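Those letters in the sequence shown? Residues 8 to 367, by my numbering. Shown next, in structure tokens, is the structure this report addresses.
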Amino acid sequence: MAAATQGLVQTAETNPHVPKRTTVKALVESPALMSIPSNYSYTRYPNESDASDPDETLPTIDFSLLTSRDPLQRSKVIQDLNKACQDWGFFMLVNHGVPESLMKAVVDVCKEFFNLPMEEKMKFADKDIWKPIRFGTGVDVKVEKFYFWRDFIKVFVHPQFHFLNEPKGFSEVSGEYCKRTREVARELLQGISEALGLEENYIEKAMDLESGFQLFAANLYPPCPQPELAMGIPAHTDHGLLTFLIENEIGGLQIEHNGKWFHVNPLPNSFLVNTADHLQVLSNGKYKSIRHRAVVNNKDTRISIAVPHGPSLDTVVSPAPKLVESESRPAAYMPMKYKDYLNLQLDGKPCLDHIQLTFT
Ligand code: OGA
Ligand code: NI
């Protein structure tokens, strides 16, 4: 694929307008950018085929039924949750009670953040994943010089909330949004505990959700002159228990389902929820952490906001003993502290591979 762009590629050396240390936003705004610089040209792995539209629809979970007093409705939605987590690992959550105005406002403040002057954003540029406020552009950690078509801001929001002074209102709005999604996630995890046949409060207690680690991550995908050559975010799974994702009505998210890639067209005002690595571990592999990626387009700027909800950083996560016993299957993952697991991200290999146990 890279060969097709030879002769067309522009770099800081060949085009003086292409800044040397840059963000994707600045790159797109540089004059006369007709093609993407060569170090943004992504070579897909053989198992990363093109996506099609799903022939099945992504499951929808009605959150209001989970909090319903009617036991029949609650047990029905718990069955739905079990099926959605087992068959897809991704679902759309509707009737969740988070106001539409708040969801719109949070996308707007993120847009304002990305519109701040470069120097303002660069104050937070750092490679250290433990910086509580971190701005950056997607870099392939395996191949240092390769970039993804994405700028991001990541903020640690729980158990400690980290405050940004600029743009005005950013922290108030994102703080409220994170508080509301945290409440929904904790309720949902009670339902998921039951769906797994565990006590309702098992996940809450075993994962110490009172001090759960929550991250607010906003992604910016500017229009790309050659979208078929670039990649917004490559195939990956998320750490933590559940990620909640929303976007500004511009599609781009694709998920892997039964070995094929699908475009996701979410219902308006829904949360896209995915089961992440630590639910895979806790459920001893019953619920999978599904691979997903974001592609880019040449027309519109896409903004997405991903909020992973995890255990507390000091929690040692292991398969739930009750599941290991009841299914008479040995534990498939070794126990590891969430904090140590996050450090595994540094080598670029899928983190789950490090803790998967194999039996001969
Ligand atoms: C993520 C992610 C997908 C998207 O931030 O982890 O998967 O659609 N984002 O932006
Ligand atoms: Ni993700």
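C-beta: ideal position from N, C-alpha, C; glycine also. A quick note: this is a predicted structure, and the numbers were derived from the prediction, not measured.
**Request:** Could you tell me which of Asn291, Ser82, Ile297 and Asp307 sits nearest to glutamine 197, measuring between CA atoms?
**Result:** Ranking the options by Cα distance to glutamine 197, first place goes to Ser82.
**Message:** Taking the alpha-carbon of glutamate 263 as reference, which of Val271, Phe159 and Pro66 has the nearest alpha-carbon?
**Reply:** Closest by alpha carbon: Val271.
**Prompt:** Terminal residues of the continuous alpha helix (DSSP H) containing phenylalanine 70?
**Reply:** The continuous alpha helix (DSSP H) containing phenylalanine 70 extends over residues 70–73.
**Request:** Following the continuous alpha helix (DSSP H) through glutamine 80, name the residue where it begins and the one where it ends.
**Result:** Segment 78–94, the alpha helix (DSSP H) holding glutamine 80.
**N-terminal and C-terminal residue of the beta strand (DSSP E) that glutamate 254 is part of** = Per DSSP, glutamate 254 belongs to the beta strand (DSSP E) from 249–254.
**Asked** Between which two residues does the alpha helix (DSSP H) carrying tyrosine 154 extend?
**Response** That residue, tyrosine 154, is in no alpha helix (DSSP H); its beta strand (DSSP E) goes 154–165.
**Request:** Could you spell out the range, first to last residue, of the alpha helix (DSSP H) harbouring arginine 193?
**Result:** Residue range 177–202 is occupied by the alpha helix (DSSP H) that includes arginine 193.
**Prompt:** Just to confirm, are leucine 368 and glycine 204 a CB contact at a threshold of 9 Å?
**Reply:** Since the first residue of the chain shown is 8 and the last is 367, residue 368 is not available in this structure.
**Message:** I'd like to check one pair, valine 101 with isoleucine 68: are the Cβ atoms closer than 9 Å?
**Reply:** At a Cβ-Cβ threshold of 9 Å, isoleucine 68 and valine 101 count as neighbours.
**Asked** Comparing alpha-carbon positions, which option in Lys111, Phe153 and Val146 lies nearest valine 180?
**Response** Closest by C-alpha distance to valine 180, out of Lys111, Phe153 and Val146, is Lys111.
**Prompt:** Would the C-beta of alanine 313 count as close to the ligand NI, meaning under 8 Å from any of its heavy atoms?
**Reply:** True, at least one ligand heavy atom lies under 8 Å from that Cβ.
**Request:** Please report the residue range of the alpha helix (DSSP H) in which phenylalanine 121 lies.
**Result:** Element bounds for phenylalanine 121: 107–121.
**Asked** In three-state DSSP terms, what is glutamine 261?
**Response** When secondary structure is reduced to three states using DSSP, glutamine 261 falls in the strand class.
**Request:** State yes or no: is the C-beta of asparagine 226 nearer than 8 Å to some heavy atom of the ligand OGA?
**Result:** With a cutoff of 8 Å, asparagine 226 counts as near the ligand OGA, since its C-beta is closer than that to a heavy atom of the ligand.
**Prompt:** Would you report the Cα separation of alanine 192 and leucine 249, rounded to the nearest angstrom?
**Reply:** Taking the straight line joining both Cα atoms gives about 7 Å.
**Prompt:** Would you call the CB atoms of asparagine 281 and isoleucine 136 closer than 9 Å?
**Reply:** No, they are not a contact pair.
**Prompt:** How long is the line joining the alpha carbons of tryptophan 95 and methionine 214, rounded to whole angstroms?
**Reply:** One C-alpha to the other measures close to 23 Å.
**Request:** Examine the Cβ distances between the segment 320–337 and the segment 300–312 and report whether three or more of them are shorter than 8 Å.
**Result:** Touching, no.
**Request:** State the Cα-Cα distance for the pair threonine 18 and methionine 129, rounded to the nearest angstrom.
**Result:** Bear in mind that the predicted position of threonine 18 carries a pLDDT of just 45, short of 50, making it too unreliable to give a figure here.
**Item:** Contact the segment 36–54 vs the segment 162–177: 3+ CB pairs below 8 Å
**Value:** The segment 36–54 makes no contact with the segment 162–177: fewer than 3 CB pairs, one atom from each, lie closer than 8 Å.
**Message:** With three or more beta-carbon pairs closer than 8 Å as the criterion, would you say the segment 275–290 touches the segment 243–260?
**Reply:** At 8 Å Cβ cutoff, the stretches touch.
**Message:** Quick check on the DSSP output: what are the complete alpha helix (DSSP H) runs of length 4 or more inside the segment 315–361, in order along the chain?
**Reply:** Inside the segment 315–361, DSSP marks whole alpha helix (DSSP H) runs of 4 or more residues at positions 328–333 and 345–350, from first to last along the chain.
**Item:** Beta-carbon gap between valine 314 and isoleucine 362 smaller than 9 Å
**Value:** No, Cβ-Cβ distance for valine 314 and isoleucine 362 is not below 9 Å.
**Request:** Tell me whether tyrosine 49 sits in a helix, a strand or coil according to DSSP, three-state version.
**Result:** Reduced to three states, the DSSP call for tyrosine 49 is coil.
**Message:** To the nearest angstrom, how far is the alpha carbon of leucine 364 from that of methionine 341?
**Reply:** As the crow flies, the alpha-carbon of leucine 364 is around 7 Å from that of methionine 341.
**Prompt:** Whose C-alpha, out of Leu216, Arg309, Ala202 and Gln233, is nearest the C-alpha of tyrosine 294?
**Reply:** Of the listed residues, the one whose Cα sits closest to tyrosine 294 is Ala202.
**N- and C-terminal bounds of the alpha helix (DSSP H) containing alanine 301** = Boundaries around alanine 301 are those of the beta strand (DSSP E), 299–301, since no alpha helix (DSSP H) includes it.
**Prompt:** Which value, in whole angstroms, describes the spacing of the CA atoms of asparagine 122 and glutamate 36?
**Reply:** When rounded, the distance between both Cα atoms is 12 Å.
**Prompt:** At what residues does the alpha helix (DSSP H) containing leucine 100 begin and finish?
**Reply:** Membership of leucine 100 in any alpha helix (DSSP H) is not indicated; the residue belongs instead to the beta strand (DSSP E) covering 97–101.
**Request:** Run the proximity test for arginine 141: is its beta-carbon closer than 8 Å to any non-hydrogen atom belonging to the ligand OGA?
**Result:** Not under cutoff, so the answer is no.
**Prompt:** Taking the alpha-carbon positions, what's the cysteine 92 to threonine 29 distance?
**Reply:** Distance between the alpha carbons of cysteine 92 and threonine 29 is about 39 Å.
**Prompt:** Would DSSP call histidine 285 helix, strand or coil?
**Reply:** DSSP, reduced to helix, strand and coil, places histidine 285 within a helical segment of the structure shown.
**Message:** Please report the straight-line C-alpha distance between leucine 171 and serine 335, rounded to a whole angstrom.
**Reply:** Using only the alpha carbons, I get a separation of about 49 Å.
**Asked** If you check the beta carbons only, do leucine 65 and proline 273 fall under 9 Å apart?
**Response** In terms of Cβ geometry, leucine 65 and proline 273 form a close pair [threshold 9 Å].
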